[in-house]
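Colleague: Counting in the numbering used here, the sequence shown tops out at residue 1726, every number present.
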Amino acid sequence: MSGTGGVTEMPVMDSEASEVLATLHRVFGYEAFRGEQEAVIEHVVAGGDAVVLMPTGGGKSLCYQIPALIRPGTGVVVSPLIALMQDQVDALRALGVRAGFVNSTQDFDERRVVEAEFLAGELDLLYLAPERLRLESTLDLLSRGKISVFAIDEAHCVSQWGHDFRPDYLALSLLGEHWPDVPRIALTATATRATHQEITQRLNMPQARHFVASFDRPNIQYRIVPKADPRKQLLTFLGQEHPGDAGIVYCLSRNSVEKTAEFLSRNGIEAVPYHAGLDAGTRAAHQSRFLREDGLVVVATIAFGMGIDKPDVRFVAHLDLPKSVEGYYQETGRAGRDGLPSTAWMAYGLNDVIQQRKLIQSGEGDEAFRRRAQAHLDAMLALCETARCRRGQLLAYFGQDPDPAGCGNCDTCLTPPETWDGTVAAQKVLSTVVRLKRERGQKFGAGQIIDILLGKRTGKVIQFDHDQLSVFGIGEELTEGEWRGVVRQLLAQGLLAVEGEYGTLVLTDSSASVLRREREVPLRKEPGKPAAVRASTARADRKPKAAAAELPEELLPAFEALRAWRAEQAREQGVPAYVIFHDATLREIVMLWPVSVPQLGTVGGVGEKKLATYGDGVLAVLESLGGPPGAAVADDGTAGPGGPEPAEDLPEPEPDDWM
Ligand code: ADP
Ligand code: ZN
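Laid out in structure tokens, this is it:
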């Protein structure tokens, strides 16, 4: 089939539809498409342009990889993630896909080999950095070969007002002019309407069909806890729920990244730092270890993570408040791409609010910029303070309809927070702020206000005669922690504001209505204990979470044996373990306990090429264990525990389906 650029709606023949599904089975070994994948792929295979918005981990890659495999010619993938191209290409080659890349990390000879393969029509996929497309030589090379589809990955990088702008992306608007007959597909996980419009405009894709997937990530459990001693809280969280798991911890500053990584290492959790202040070599080494090793923790600033498609990241933890819901969702989305249970955990407290508000006030940028930053922060605070379902709030933010009954997999659904009438408490705080304002020239933050309410005669209280104020000691009914919670929530609700570099608390336009008793102030009770811990984590052994995730205890040794076998394969080939098989695949293998190669081929993630390469190896590992654990065999002897189906019922693929 030849390209039919500009055509947005084309009927898809049945034979094409089945070819698309057959490619999914044969090459990738997956049973079915997820969400919008099939619609996108059929549209692009038929020659249409597409703009695809899917959450991180939603499965964007297949949307261009399968069209590239089906349409004649090479699929050209534009991606800013140079450091990851080698891994992406390795993963594709392991599937039997003919992939290559051209970027600045290669020497002349390496590049020439790839270019020759492209010109000879021997590549299914060619990855390019966007800056390459500025070079005459690249355009010349591309015009001498045959291109099946252009994929523009991380397409939000074309957005000048977004968080990842790359000037080189602007040149991509030319692709449509140079190659009017080649379909283009732009993909991103940044979902706001403004970004969406900008992508379509700047990439010059007015004809494109738009696919907006559900942004829900049901396997991620969202939790936000009050911050007390964040590093210790993190340690407890990891020890109880994610021992031995891979994960990312985000901090705001380089300094706290370094300190947290040290702290975790000292406490027996293998952790490495990652931030822009480290030299490029160290950064690359730490990223590579994260991808290759099982169970490493990376402590990072937001500089880390874009495009990292490690499927088995089991948790993402935030020790500081992200600046926007977009940022938070993108960062937490790096957890659980394999669909297995994962946690997005954040510790959040009063200082976060004050610090972020201060940053915006003292930061650069004009008034409009500041207002936008303020609005982003307000949405983030609303998420932190909500007493309703967190997932519901997130989905609503991205313009999607949440389940009104709640999700059942976030802290507020699992342990609904209690609310209380905080009107009087709010009035006490605001009255104190009013009185301190009368102290000419002096600036006081939350600490002084709480000390006054609690009637503490600290040095600073006595120095300014604050023990003489009528509000001194009127707040002894709450603890210091509870008062911090009150102040934090007043800030989040816009009933208090922060001013100047010292974080002075001041009234807002809305404060007066509270002081005049014209409105009530419902507040969330601070939970005394950390919120719900999944029932399945009660088994607090030292087993990685991925193993414990819904796998019967008696199958864990087999799972571990397969992981050990996989680690050895990965080491021999110098590729990340997940390039061999994902955890989810190993899990399914031990559940099914296949005894033949065709039966193994029915497992998700075991495609044609992997079956041929590893089939015997996997079966040998299972055999060496002497069959499934005795207790696990069903009475009729057909299936392991929870095995999806009795072996007899499994469709036997045609022999040449897999050989
Ligand atoms: P994204 O680029 O959208 O973040 P990926 O393309 O990396 O996501 O896919 C996320 C994970 O989901 C990958 O591990 C991929 O192999 C897996 N995946 C994608 N599509 C399917 C599918 N239809 N069935 C099973 N697994 C899938
Ligand atoms: Zn919920």
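Yeah, the Cβ is synthetic: ideal placement off N, Cα and C, and Gly gets one too.
Measuring CA to CA, which of N1322, Y1645, T1490 and S1663 is closest to S1580?
Modeller: Your numbering for residue 1580 matches position 513 in the sequence shown. Comparing Cα-Cα distances from S1580 to each of N1322, Y1645, T1490 and S1663, the minimum goes to T1490.
Colleague: Fully enclosed by the stretch 1073-1139, which alpha helix (DSSP H) runs are 4 residues long or longer?
Modeller: List check, alpha helix (DSSP H) in window: 1081-1090, 1104-1112 and 1127-1137.
Colleague: Can you name the start and end residues of the beta strand (DSSP E) that E1566 belongs to?
Modeller: In the sequence shown, counting from the first residue as 1, residue 1566 sits at position 499. L1563 to E1566 is the extent of the beta strand (DSSP E) around E1566.
Colleague: Under 8 Å, with one C-beta from each stretch per pair, do the stretch 1191-1203 and the stretch 1141-1154 reach the 3-pair mark?
Modeller: The stretch 1191-1203 vs the stretch 1141-1154: in contact.
Colleague: Taking its Cβ as the centre, do 16 or more other Cβ atoms sit within 10 Å of V1202, making it buried, or is it exposed?
Modeller: For the purposes of this step, residue 1202 is taken as residue 135 along the sequence shown, with counting starting at 1. What sits at residue 1202 in the sequence shown is Leu, not Val. Under this definition L1202 is an exposed residue.
Colleague: Return the CA-CA distance between A1614 and R1630, expressed in angstroms with no decimal places.
Modeller: The residue you call residue 1614 lines up with position 547 of the sequence shown. The residue you call residue 1630 lines up with position 563 of the sequence shown. In this prediction, A1614 has a pLDDT of 43, which is less than 50 and means its spatial position is unreliable; nothing more can be read from the coordinates.
Colleague: Quick check on the DSSP output: the beta strand (DSSP E) that includes D1488 runs from which residue to which?
Modeller: Position 421 of the sequence shown holds residue 1488. That run of the beta strand (DSSP E) goes T1486 to D1488.
Colleague: What are the boundary residues of the alpha helix (DSSP H) that P1483 is part of?
Modeller: The count along the sequence shown starts at 1 and reaches residue 1483 at position 416. It is not in any alpha helix (DSSP H) - P1483 carries neither H nor E in the DSSP assignment.
Colleague: May I ask which residues mark the beginning and end of the beta strand (DSSP E) holding M1413?
Modeller: By 1-based counting over the sequence shown, the position of residue 1413 is 346. Counting along the chain, the beta strand (DSSP E) containing M1413 begins and ends at S1409 to Y1415.
Colleague: Report the rounded CA-to-CA distance for A1384 versus D1532, giving the unit in angstroms.
Modeller: The residue given as residue 1384 occupies position 317 in the sequence shown. The residue given as residue 1532 occupies position 465 in the sequence shown. Going from the Cα of A1384 to the Cα of D1532 covers about 43 Å.
Colleague: Can you tell me the Cα-Cα spacing of R1093 and V1588, whole angstroms?
Modeller: In the sequence shown, the residue the question calls residue 1093 occupies position 26. In the sequence shown, the residue the question calls residue 1588 occupies position 521. Taking the straight line joining both Cα atoms gives about 59 Å.
Colleague: To the nearest angstrom, report how far apart Q1494 and L1582 are at their CA atoms.
Modeller: Along the sequence shown, read from residue 1 onward, the residue named residue 1494 stands at position 427. Along the sequence shown, read from residue 1 onward, the residue named residue 1582 stands at position 515. Answer to the nearest angstrom: the Cα atoms are 6 Å apart.
Colleague: Pull up the distance between the alpha-carbon of Q1556 and that of E1329, whole angstroms please.
Modeller: Mapped onto the sequence shown, residue 1556 falls at position 489. Mapped onto the sequence shown, residue 1329 falls at position 262. Roughly 32 Å separates the two Cα atoms.
Colleague: Output yes or no for whether 9 Å exceeds the beta carbon distance between I1287 and T1172.
Modeller: Here residue 1287 refers to the residue found at position 220 when the sequence shown is read from its first residue. Here residue 1172 refers to the residue found at position 105 when the sequence shown is read from its first residue. No. Outside cutoff.
Colleague: Would you report the Cα separation of V1118 and E1182, rounded to the nearest angstrom?
Modeller: Working through the sequence shown from its first residue, we reach residue 1118 at position 51. Working through the sequence shown from its first residue, we reach residue 1182 at position 115. Their backbone Cα atoms lie some 28 Å apart in a straight line.
Colleague: Should G1403 be counted as a contact of the ligand ZN given a C-beta to heavy atom distance under 8 Å?
Modeller: Sequence index remark: in the sequence shown, residue 1403 carries index 336 (1-based). It does not: the Cβ of G1403 is nowhere closer than 8 Å to a heavy atom of the ligand ZN.
Colleague: Bridge partners for H1385 per DSSP, in chain order?
Modeller: For this step, residue 1385 is matched to residue 318 along the sequence shown. H1385 is bridged to Y1317 and M1413.
Colleague: On the DSSP bridge assignment, give the partners of A1253 in chain order.
Modeller: Here residue 1253 refers to the residue found at position 186 of the sequence shown. A1253 pairs with V1118 and I1219.
Colleague: Could you say which of N1322, A1106, G1126 and Y1645 lies nearest to R1356 if we only look at CA atoms?
Modeller: Mapped onto the sequence shown, residue 1356 falls at position 289. Nearest C-alpha to R1356: Y1645.
Colleague: Could you tell me the alpha carbon to alpha carbon distance between V1565 and L1497, rounded to whole angstroms?
Modeller: Your numbering for residue 1565 matches position 498 in the sequence shown. Your numbering for residue 1497 matches position 430 in the sequence shown. Whole-angstrom Cα-Cα distance: 13 Å.
Colleague: D1154: beta carbon under 8 Å from a heavy atom of the ligand ADP?
Modeller: Within the sequence shown, numbered from 1, the residue matching residue 1154 stands at position 87. Because no heavy atom of the ligand ADP lies under 8 Å away, the Cβ of D1154 does not count as near it: no.
Colleague: Nearest CA to the CA of R1199: which residue from H1223, Q1274, K1213 and L1242?
Modeller: The residue labelled residue 1199 in the question sits at position 132 within the sequence shown. Here the closest residue by C-alpha is L1242.
Colleague: For T1575 and G1473, what's the separation of their Cα atoms in angstroms?
Modeller: Residue 1575 sits at position 508 when you count from the first residue of the sequence shown. Residue 1473 sits at position 406 when you count from the first residue of the sequence shown. Straight-line Cα distance between these residues: approximately 33 Å.
Colleague: Can T1255 and L1319 be called in contact, C-beta distance under 9 Å?
Modeller: The sequence position of residue 1255 within the sequence shown is 188, counting from 1. The sequence position of residue 1319 within the sequence shown is 252, counting from 1. No, the pair does not count as a contact, with Cβ atoms beyond the cut-off.
Colleague: Beta-carbon within less than 7 Å of W1632's beta-carbon, same chain only, minus the 5 sequence neighbours each way: which residues are those?
Modeller: On the sequence shown, residue 1632 is found 565 positions in, with the first residue counted as 1. Result list for W1632: G1684 and V1688, in chain order.
Colleague: Can you pull the DSSP bridge partners for V1292?
Modeller: Position 225 of the sequence shown, counted from the start, is the residue given in the question as residue 1292. According to DSSP, which records beta bridges pairwise, V1292 is partnered with A1414.
Colleague: Between L1407 and K1377, how many whole angstroms is the CB-CB distance? I'm expecting something under 8 Å.
Modeller: Taking the sequence shown and counting its residues from 1, the one referred to as residue 1407 is at position 340. Taking the sequence shown and counting its residues from 1, the one referred to as residue 1377 is at position 310. Their Cβ separation, rounded to whole angstroms, is 13 Å, which puts L1407 and K1377 out of contact at 8 Å.
Colleague: P1297 lies in the alpha helix (DSSP H); which residues open and close that run?
Modeller: Within the sequence shown, the letter at position 230 stands for residue 1297. Its alpha helix (DSSP H) spans residues P1297 to E1308.
Colleague: Among residues of its own chain, excluding the 5 on either side of E1655, which ones have a beta-carbon nearer than 7 Å to its beta-carbon?
Modeller: As a working mapping, residue 1655 is identified with position 588 in the sequence shown. If we look at E1655 and ignore the five residues flanking it on each side, its Cβ neighbours are V1670 and G1671.
Colleague: Under 5 Å from any heavy atom of the ligand ZN, by CB: list those residues in chain order, please.
Modeller: Going along the chain, the residues that qualify are C1456, R1458, G1473, C1474, C1477 and C1480.
Colleague: Could you compute how far the alpha carbon of E1543 sits from the alpha carbon of V1553?
Modeller: Sequence index remark: in the sequence shown, residue 1543 carries index 476 (1-based). Sequence index remark: in the sequence shown, residue 1553 carries index 486 (1-based). If you take the alpha carbons of E1543 and V1553, they lie about 14 Å apart.
Colleague: Are there three or more Cβ pairs, one per stretch, closer than 8 Å when the stretch 1272-1285 is compared with the stretch 1107-1123?
Modeller: Verdict: yes, contact present.
Colleague: Between Q1397 and the ligand ADP, is the CB less than 8 Å from at least one heavy atom?
Modeller: Indexing the sequence shown from 1 puts residue 1397 at position 330. Checking the Cβ of Q1397 against the ligand ADP gives no.
Colleague: Is it the case that the CB of G1124 approaches a heavy atom of the ligand ADP more closely than 8 Å?
Modeller: Sequence index remark: in the sequence shown, residue 1124 carries index 57 (1-based). Yes.
Colleague: By a C-beta neighbour count over all protein chains shown, 10 Å radius and 16 as the cutoff for buried, is E1434 buried or exposed?
Modeller: Position 367 of the sequence shown, counted from the start, is the residue given in the question as residue 1434. By the neighbour-count rule (16 or more Cβ atoms within 10 Å), E1434 is not buried but exposed.
Colleague: For A1452, which option in Q1467, F1436 and D1419 has the closest C-alpha, if you only look at C-alpha atoms?
Modeller: Start at 1 with the first residue of the sequence shown, and residue 1452 comes out as number 385. In the sequence as presented, Ala is not what sits at residue 1452; that position holds Glu. Cα-wise, what sits closest to E1452 is D1419.
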